[in-house]
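Residue numbers (this note's numbering): 109 to 446.
Don't be surprised by glycine CBs; every beta carbon is placed ideally from N, CA and C.
The structure under discussion appears below in the form of structure tokens.
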Amino acid sequence: MLSKAECYRILELNPKANSSEIETRYTMLLKRYRGRNDPETIKKTEEITLAYDILTGRYVEPLPIDPRMEKVIFGKKRREWSNIWHYGRLPLLLIIITAVFLGSLIYTIASREDPDFQAVVAGQFATADDVDERVKKYIKDSIDGVEIVEYQYLPLSFQQDTPEATQTGQGLSMGSNPESDYAYLMKMMAIMTGESIEMFVCEQSVYDQYAPQDVFLDLSSLYDRLQDLPADVLAKIKPVRRVLFEDYEQEERAAEIWPDEEAMNADESLPISGLDVTELQLMEGLGLFGRSQILTIGFKAEDVGQVTDFLEYWIRDYEYMHAERDAYLDSLSDELNQ
Numbered sequence: 109m110l111s112k113a114e115c116y117r118i119l120e121l122n123p124k125a126n127s128s129e130i131e132t133r134y135t136m137l138l139k140r141y142r143g144r145n146d147p148e149t150i151k152k153t154e155e156i157t158l159a160y161d162i163l164t165g166r167y168v169e170p171l172p173i174d175p176r177m178e179k180v181i182f183g184k185k186r187r188e189w190s191n192i193w194h195y196g197r198l199p200l201l202l203i204i205i206t207a208v209f210l211g212s213l214i215y216t217i218a219s220r221e222d223p224d225f226q227a228v229v230a231g232q233f234a235t236a237d238d239v240d241e242r243v244k245k246y247i248k249d250s251i252d253g254v255e256i257v258e259y260q261y262l263p264l265s266f267q268q269d270t271p272e273a274t275q276t277g278q279g280l281s282m283g284s285n286p287e288s289d290y291a292y293l294m295k296m297m298a299i300m301t302g303e304s305i306e307m308f309v310c311e312q313s314v315y316d317q318y319a320p321q322d323v324f325l326d327l328s329s330l331y332d333r334l335q336d337l338p339a340d341v342l343a344k345i346k347p348v349r350r351v352l353f354e355d356y357e358q359e360e361r362a363a364e365i366w367p368d369e370e371a372m373n374a375d376e377s378l379p380i381s382g383l384d385v386t387e388l389q390l391m392e393g394l395g396l397f398g399r400s401q402i403l404t405i406g407f408k409a410e411d412v413g414q415v416t417d418f419l420e421y422w423i424r425d426y427e428y429m430h431a432e433r434d435a436y437l438d439s440l441s442d443e444l445n446q
């Protein structure tokens, strides 16, 4: 380390120079050597800076070098490896976490088994706590060979008569959480276009929204097969029909032919794209309660015959559904009375 006398000599200053004079001289000397990159000049500017730091109290004595840190490992000194670890451990940790996450995601996707049957319930329904298990178990027990069932519930609604609803440009009834409502809408669109959904159970407003888009298959043959049901039971199963958007737009007298939904339902020239089983109360047996219940088959269903057979079986199983509904309601009543 330089003595103060040496520092004053290097800065070409009188030993009695004050801090202002030191600052001025330091700036002047740096300007003198600025732009020169020869070794002698570099060494000189380093001396000037060191002298300035000592006189202004900025100089910090370097720590003694530990001989152990000078040992070379894999081409680098231990000291260099220590610096790499000190500054690189956080990025390394982030890389490891990202790699583990991506690896687990890839493994999940690769090992995921495709479902044998996919069911979607769309609408404002009250649901039992174990509705997922109820729906999956009933479907697996009812269809031979079905082992993996995927059930999704989307609380969508396009109903416009609720006081808190705000009508949007797309007809979506917005409640207290518009962001969540739009997320469900986007998910429904993705499901409609990208997945092979076997069965949709919709509330009235959801059916009205999507049926004209030709996303539900014709259930006329299923309705014909149900004609042998008791008259009072068959009366609770109402075929619903909708004119496709493109057909409605091409028909000049469309508004006169189909002034409302009832006119469409009564027009037997239109295919049956849904069965309204609200009065039959099928869904209550599986823990789903709603003001309207319409059964449909998705247009991308892989085995239409299998889904049709299941819907027929489910409808004919109405007595069991009613028994399950009553048992569930009794259990709720018992819990409330405890």
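Express the C-alpha separation of H194 and N145 in angstroms, rounding to a whole number.
Position 37 of the sequence shown, counted from the start, is the residue given in the question as residue 145. Position 86 of the sequence shown, counted from the start, is the residue given in the question as residue 194. Taking the straight line joining both Cα atoms gives about 33 Å.
Closest to D252 by C-alpha separation, out of D417, N445, E443 and M429, would be which residue?
By one-based count along the sequence shown, residue 252 stands at place 144. For D252, the nearest C-alpha among the options comes from D417.
If I measure Cβ to Cβ from D442 and keep anything under 6 Å in the same chain, skipping five residues before and after, which residues do I get?
Here residue 442 refers to the residue found at position 334 when the sequence shown is read from its first residue. Within the same chain, D442 has no close Cβ partners at all.
What would DSSP say about P338, mapped onto helix, strand or coil?
Within the sequence shown, the letter at position 230 stands for residue 338. Three-state DSSP puts P338 in coil, outside helix and strand.
Determine the direct distance from the alpha carbon of V257 to that of V243, and round the result to whole angstroms.
Against the sequence shown, residue 243 aligns to sequence position 135. Against the sequence shown, residue 257 aligns to sequence position 149. Each residue's alpha carbon lies about 9 Å from the other.
Would L264 and L330 qualify as a contact pair, given that the criterion is a beta-carbon distance under 9 Å?
Translated into positions along the sequence shown, residue 264 becomes position 156. Translated into positions along the sequence shown, residue 330 becomes position 222. Taking 9 Å as the Cβ cut-off, L264 and L330 do not qualify as a contacting pair.
Give the DSSP-derived three-state secondary structure of P320 in the structure shown.
On the sequence shown, residue 320 is found 212 positions in, with the first residue counted as 1. Helix.
So G395 and M429 are supposed to be a Cβ contact under 8 Å. How far apart are they, rounded?
Counting from one through the sequence shown, the residue named residue 395 turns up at place 287. Counting from one through the sequence shown, the residue named residue 429 turns up at place 321. Wrong, their Cβ atoms sit about 11 Å apart, outside the cutoff.
A409: buried (16+ other C-beta within 10 angstroms of its C-beta) or exposed?
Your numbering for residue 409 matches position 301 in the sequence shown. Result: buried.
Buried versus exposed call for G302 [16 or more other C-beta atoms within 10 Å across all chains shown]:
Indexing the sequence shown from 1 puts residue 302 at position 194. Result: exposed.
How would you write the range of the beta strand (DSSP E) that M391 sits in, first residue to last?
Numbered from its first residue, the sequence shown carries residue 391 at position 283. From DSSP, M391 is part of no beta strand (DSSP E); its letter is neither H nor E.
Can you tell me whether DSSP reads E262 as helix, strand or coil?
Reading the sequence shown from its first residue, position 154 is the one you call residue 262. For clarity, residue 262 is Leu in the given sequence; the question names Glu instead. It is a strand residue.
Grab the span of the alpha helix (DSSP H) containing P147 for me, first residue to last.
Here residue 147 is taken as the residue at index 39 of the sequence shown, counted from 1. Element bounds for P147: P147 to T164.
Can you check which of these residues, L158, P379, E432 and S313, is closest to I402 by C-alpha distance?
By 1-based counting over the sequence shown, the position of residue 402 is 294. Closest by alpha carbon: S313.
Please list the segments of the beta strand (DSSP E) lying wholly inside the region 205–245, counting only runs of 3 or more residues, in order along the chain.
225–230
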